[in-house]
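Heads up: the protein sequence lines correspond to chains A and B, in order. The first sequence begins at 1 in the numbering used here and counts up by one. The second sequence begins at 1001 in the numbering used here and counts up by one.
Protein chains: 2
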Amino acid sequence: MFATNNFVDHLMKPTDAELEILHVLWANGPSTVRQVHESLSQSRDIGYTTALKLMQIMHEKGLLSRDAESKSHTYTAAVSEEDTQRGLVDRFVETAFKGSASKLVMQVLGQHKASQQELEEIKQLLNQLNNEHN
Amino acid sequence: MFATNNFVDHLMKPTDAELEILHVLWANGPSTVRQVHESLSQSRDIGYTTALKLMQIMHEKGLLSRDAESKSHTYTAAVSEEDTQRGLVDRFVETAFKGSASKLVMQVLGQHKASQQELEEIKQLLNQLNNEHN
DNA sequence: TTGCATCTACGAAATCATTCGTATATGTTT
DNA sequence: AAACATATACGAATGATTTCGTAGATGCAA
């Protein structure tokens, strides 16, 4: 067995609002506050300065990096989608399922429709894990 | 297709501290504040009146019911573990994975060790889902 | 019945997340 | 250069969560 991801412990837990912003940056790449605000506005009401403030705080926390060359700064996600989701899943499994990851999986699979292809991918991963066990 | 669980929308979202208490009650059944507090004390520092206050609030919210016959009240979880976890998963898939349940499953399976038996159970569920697709 | 242990009720502080208004800086256009 | 549009910085209100101290009720024991 190899050492696993202890670094997850040090990852900041983004709040819900912060996650919204990270999703925009992960999807669109480096963006200005205005661009992020416009994207967020499509799904909910949010003031421009609210988005700005959030991104400033996220920059302080180290969740975003920024380039301040021009008048309007350009922000970039400083944490990867994978690492962040890994950390979130860790916490979630712990708080909601008392550490039982397989219970979570069962719950999710039973509750959400997945496409044929998605099911295949999951099966494939399962077989792979099965082999590692032997 | 049948109507699915719209009632999930109306389920209160328990906070982290509230979830801790629900887990105790789900595991041990109806309990007094003292019993719950003793259980919680095993995993972390928490004052007696803190546990009491939390359970009073949860009672107000409808998360717990209580029997006030004797001097010390007996509390019972008023929401089921299944329903609660269903609601939590819904939110989590939405905020952390933008609705992609299969991405969540892949992330969890890749990240957490599951026993041979757990993997088998999951596979079985997958096959079942596969059949429903055809 | 007086006192002691234990309970509930409740107020309130501390922290955090979210929100936005206002002030000020910056750069562009006339 | 003056005016305008647009940017950042920042203070502060609000609401939710967690925490615990203190007061007062309750029941049992001496």
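Glycine included, C-beta positions come from ideal geometry on N, C-alpha and C. Remember, it's a predicted structure, so these values are computed and weren't measured experimentally.
Note to self: What does the Cβ neighbour count give for residue 90 of chain A, buried or exposed, with the cut at 16 atoms within 10 Å?
What the structure shows: In the first sequence, residue 90 of chain A corresponds to position 90, counting from 1. Buried: at least 16 other Cβ atoms inside 10 Å.
Margin query: Any beta carbon from chain B within less than 9 angstroms of residue 6 of chain A's own beta carbon?
Written below: Walking along the first sequence from the start, residue 6 of chain A turns up at place 6. Legend: pLDDT at residue 6 of chain A = 33, less than 50; position of this residue unreliable, value from coordinates given subsequently. So no, residue 6 of chain A is outside the interface.
Item checked: Distance, residue 30 of chain A Cα to residue 67 of chain A Cα -> For the purposes of this step, residue 67 of chain A is identified with residue 67 of the first sequence, where counting begins at 1. For the purposes of this step, residue 30 of chain A is identified with residue 30 of the first sequence, where counting begins at 1. Rounded to whole angstroms, residue 67 of chain A to residue 30 of chain A spans 10 angstroms at the Cα level.
Checklist line | beta strand (DSSP E) segment containing residue 1051 of chain B, residue limits | finding: Taking the first residue of the second sequence as position 1, residue 1051 of chain B is located at position 51. Premise fails: residue 1051 of chain B lies in the alpha helix (DSSP H), 1048-1061, not in any beta strand (DSSP E).
Item checked: Contacts of residue 106 of chain A in chain B (Cβ-Cβ under 8 angstroms) -> Residue numbering aside, residue 106 of chain A sits at position 106 when the first sequence is read from its first letter. Below the 8 angstroms Cβ cutoff, chain B contributes 1121, 1122 and 1125 as neighbours of residue 106 of chain A, in chain order.
Notebook entry, point to check: So which of B/1026, B/1124 and B/1050 has the shortest CA-CA distance to residue 1037 of chain B?
Noted result: As a position in the second sequence, residue 1037 of chain B is number 37, starting the count at 1. Per the Cα distances, B/1050.
Next item on the list: Report the residue from B/1103, B/1015, B/1097 and B/1023 whose alpha carbon sits nearest the alpha carbon of residue 100 of chain A.
Entry: Taking the first sequence and counting its residues from 1, one reaches residue 100 of chain A at position 100. Per the Cα distances, B/1023.
Note to self: Going by DSSP, what residue range makes up the beta strand (DSSP E) through residue 1064 of chain B?
What the structure shows: As a first step, residue 1064 of chain B is located in the second sequence; it is residue number 64 there, counting from the start. Run containing residue 1064 of chain B: 1064-1067, per the beta strand (DSSP E) assignment.
Checklist line | From A/28, A/111 and A/88, residue whose alpha carbon lies closest to that of residue 12 of chain A | finding: Position 12 of the first sequence holds residue 12 of chain A. Per the Cα distances, A/88.
Note to self: Please report the distance separating the alpha-carbon of residue 1079 of chain B from that of residue 26 of chain A.
What the structure shows: The count along the second sequence starts at 1 and reaches residue 1079 of chain B at position 79. The count along the first sequence starts at 1 and reaches residue 26 of chain A at position 26. Their Cα atoms are separated by approximately 36 angstroms.
Next item on the list: Under 8 angstroms by Cβ, that's how I've got residue 102 of chain A and residue 1114 of chain B pegged, so tell me the actual separation to the nearest angstrom.
Entry: Working through the first sequence from its first residue, we reach residue 102 of chain A at position 102. Working through the second sequence from its first residue, we reach residue 1114 of chain B at position 114. Residue 102 of chain A to residue 1114 of chain B, Cβ: 5 angstroms. Contact.
Note to self: Rounded to whole angstroms, what is the Cα-Cα separation between residue 1096 of chain B and residue 1086 of chain B?
What the structure shows: The sequence position of residue 1096 of chain B within the second sequence is 96, counting from 1. The sequence position of residue 1086 of chain B within the second sequence is 86, counting from 1. Taking the straight line from one Cα to the other gives about 15 angstroms.
Checklist line | DSSP three-state assignment for residue 1114 of chain B, whether helix, strand or coil | finding: What you label residue 1114 of chain B is simply residue 114 of the second sequence in a count that begins at 1. Coil.
Check: residue 1016 of chain B touches chain A at which residues, Cβ-Cβ below 7 angstroms?
Finding: Taking the first residue of the second sequence as 1, we reach residue 1016 of chain B at position 16. What residue 1016 of chain B touches in chain A: 95.
Check: Straight-line CA distance for residue 1020 of chain B to residue 1057 of chain B?
Finding: Taking the first residue of the second sequence as 1, we reach residue 1020 of chain B at position 20. Taking the first residue of the second sequence as 1, we reach residue 1057 of chain B at position 57. Each residue's Cα considered, the two are about 14 angstroms apart.
Notebook entry, point to check: If you measure beta-carbon to beta-carbon, which residues of the segment 1022-1047 of chain B are closer than 8 angstroms to chain A?
Noted result: 1023
Margin query: By alpha-carbon positions, which one of A/34, A/124, A/120 and A/60 ends up nearest to residue 14 of chain A?
Written below: As a working note, residue 14 of chain A is residue 14 in the first sequence. Comparing Cα-Cα distances from residue 14 of chain A to each of A/34, A/124, A/120 and A/60, the minimum goes to A/60.
Margin query: Does residue 1084 of chain B come out as helix, strand or coil in the three-state DSSP assignment?
Written below: The residue given as residue 1084 of chain B occupies position 84 in the second sequence. It is helical.
Note to self: Can you tell me whether residue 100 of chain A is helix, strand or coil according to DSSP?
What the structure shows: The residue you call residue 100 of chain A lines up with position 100 of the first sequence. In this structure, residue 100 of chain A counts as coil in the three-state DSSP scheme.
Notebook entry, point to check: residue 65 of chain A to residue 1065 of chain B, Cα distance in whole Å?
Noted result: As a working mapping, residue 65 of chain A is identified with position 65 in the first sequence. As a working mapping, residue 1065 of chain B is identified with position 65 in the second sequence. Spanning the two alpha carbons is a distance of roughly 48 angstroms.
Notebook entry, point to check: For chain B, is any of its Cβ atoms less than 9 angstroms away from the one on residue 62 of chain A?
Noted result: Taking the first sequence and counting its residues from 1, the one referred to as residue 62 of chain A is at position 62. Output row for residue 62 of chain A: interface = no.
Item checked: Cβ shell of residue 6 of chain A (< 8 angstroms), same chain only, five flanking positions each side left out -> As a working mapping, residue 6 of chain A is identified with position 6 in the first sequence. Only weak support is given to the placement of residue 6 of chain A: the predicted model assigns it a pLDDT of 33, under 50, and the question is left unresolved by the model.
Checklist line | Alpha-carbon spacing of residue 117 of chain A relative to residue 1044 of chain B, whole angstroms | finding: Locating residue 117 of chain A in the first sequence gives position 117, where the first residue counts as 1. Locating residue 1044 of chain B in the second sequence gives position 44, where the first residue counts as 1. Taken atom to atom, the span from the alpha-carbon of residue 117 of chain A to that of residue 1044 of chain B is near 44 angstroms.
Next item on the list: Under 8 angstroms Cβ to Cβ from residue 110 of chain A, same chain only, skipping five residues before and after it: list those, please.
Entry: On the first sequence, position 110 is the one that residue 110 of chain A refers to. If we look at residue 110 of chain A and ignore the five residues flanking it on each side, it has no Cβ neighbours.
Next item on the list: Could you confirm whether any beta carbon from chain B is found closer than 9 angstroms to the beta carbon of residue 9 of chain A?
Entry: The count along the first sequence starts at 1 and reaches residue 9 of chain A at position 9. Bear in mind that a pLDDT of 47 at residue 9 of chain A, under 50, signals an unreliable position, so the model cannot answer this.
Item checked: chain B contacts made by the segment 60-90 of chain A, where a contact means CB separation under 9 angstroms -> Flagged, chain order: 82, 84, 85, 86, 88, 89 and 90.
Next item on the list: Determine the DSSP secondary structure at residue 32 of chain A, reduced to helix, strand or coil.
Entry: Mapped onto the first sequence, residue 32 of chain A falls at position 32. Coil.
Checklist line | Proximity winner among B/1075, B/1119, B/1132 and B/1073, relative to residue 130 of chain A (alpha-carbon distances) | finding: As a working mapping, residue 130 of chain A is identified with position 130 in the first sequence. The shortest Cα separation from residue 130 of chain A among B/1075, B/1119, B/1132 and B/1073 belongs to B/1119.
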